Amino acid sequence: MALFRKSREKELRAAWTVEKDGAESFLIGTAHFFPYSFKTSLVRLVQKANCVLFEGPLDEESMAKVRLAGCLEHGSAQLLDRLDERTIARIADVLTPAAPNRDSARLLGLLAGGLASPVHSVLRDLKPWLAFFTVYSRYVKKSGWDYSVDMEAYQVAQEMGKEIVFLETIQEQIEVLESLPEDRILDFLMRIAHWKAYIKDFVEWYLRRDMESLKANDYGFPTRHPNVIERRDEILFRRLLPHLERAPVLACLGVPHVPGISRMFREAGFKVRPYHFSVMT
């Protein structure tokens, strides 16, 4: 089992040092979904930190609030009604369990009754943003993406007894999700046939710390939107800055935020450099 875990582990390259007046802290760009673990790298960085900072709460109670906020009081298929039959069929394939079991029998029965049935059954009572994340998370899960960089860092920090700070409340994060344009979500869902290429490219860009490609590409991922990235860069940076007085700290922020926040650090007189681990043991 340990050998298998190591085979799914990579060295984290999306890491930087942030230094000013001899006080050094660390910044990592996280990915909410990923096919590899970075636990060894994360352990080594968390060990160096006085506290670990995250965008927002990651506990199960907070995640439950997100799911509840994404549910409609009254069923609505407005988003689904705008999808063409081919897209509906591809989404149905994603939502159908890869290995049928007793729990999936009902879903498979619905599929037999028509392609639209499982899609409407699973998504009809969800707001567009939660419907999208439901489909996308199941898609990457089927593709072997069993890890989350932020959750892994959060668990390591908890295990080490580090102080954990959240830069946003869960309500603020829900408001950001509510601001995602429905047309942008619809466009990405309609291009589900290109998701395989997108996740392949994303993994390659992330593993080689290719920030330019991560920031600017033509795939149109719904959260790569000013409401989610640029506007929040300013908020996160402003709330993060005072904590650097307690250096060393480790800030774990979604990788799309790294270019903007790195620029703000440099404008504030910090030196931001790629962090390089020694040979992993």
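With the sequence shown counted from 1, adding 2 to any position gets you our numbering. Beta carbons: idealized from backbone N, C-alpha and C, even for Gly. These numbers come from a predicted model, not from an experiment.
The bridge partners DSSP lists for Glu170 come to none. In chain order, Val48, Val54 and Ile166 place their CB closer than 6 Å to the CB of Ala159, counting only its own chain and leaving out the 5 sequence neighbours on each side. The residues Leu81, Glu184 and Ile187, in chain order, have a CB closer than 6 Å to that of Pro130 in the same chain once the five nearest residues on each side in sequence are set aside. Contact between the region 243-258 and the region 31-38 is present, with at least three C-beta pairs closer than 8 Å. Taking C-beta atoms under 8 Å as the contact rule, Ser27 and Ala249 qualify, at a distance of about 5 Å. Contact between Tyr141 and Val205 does not hold, since the beta-carbon distance rounds to 14 Å and is not under 8 Å.
Taking 3 residues as the minimum length, the beta strand (DSSP E) runs contained wholly in the region 33-105 are 53-56, in order along the chain. Per the C-alpha coordinates, the member of Gly146, His227, Leu252 and Asn219 positioned closest to Lys164 is Leu252. In this structure, DSSP gives Ser139 a helical state, which the three-state scheme calls helix. Only buried fits Phe40, as 16 or more other CB atoms lie within 10 angstroms of its CB. Between Met266 and the set Val20, Ala133 and Gly72, the nearest pair of CA atoms involves Val20. Beta-bridge pairing by DSSP links Trp18 to Leu29 and Pro276.
The three-state secondary structure of Tyr208, taken from DSSP, is helix. In this structure, DSSP gives Leu182 a state outside helix and strand, which the three-state scheme calls coil.
Under DSSP, Val251 takes part in a beta bridge, and its partners are Cys53. If you look at Ile231, you'll find it isn't in any alpha helix (DSSP H); DSSP assigns it neither H nor E. Linking Pro224 to Met162 through their CA atoms gives a straight-line distance of about 35 Å. DSSP places Pro261 in the uninterrupted alpha helix (DSSP H) bounded by Val260 to Glu269.
Take the alpha-carbon of Asn52 and the one of Val230: they are about 28 Å apart. DSSP places Tyr149 in the strand class (E or B) of the three-state scheme. Rounded to whole angstroms, Glu154 and Glu87 show a C-alpha spacing of 38 Å. For Leu238 and Ala71, the gap between their C-alpha atoms comes out near 23 Å.
The criterion of a C-beta distance shorter than 7 Å is not satisfied by Phe36 and Trp207. Assigned with DSSP and collapsed to three states, Glu13 falls in coil, not helix or strand. Here Pro244 is actually not in contact with Met213; their C-beta atoms are around 25 Å apart, not less than 8 Å. Note that the C-beta distance between Tyr200 and Leu60 is not below 7 Å. Going by C-alpha positions, Leu179 is about 9 Å away from Val68.
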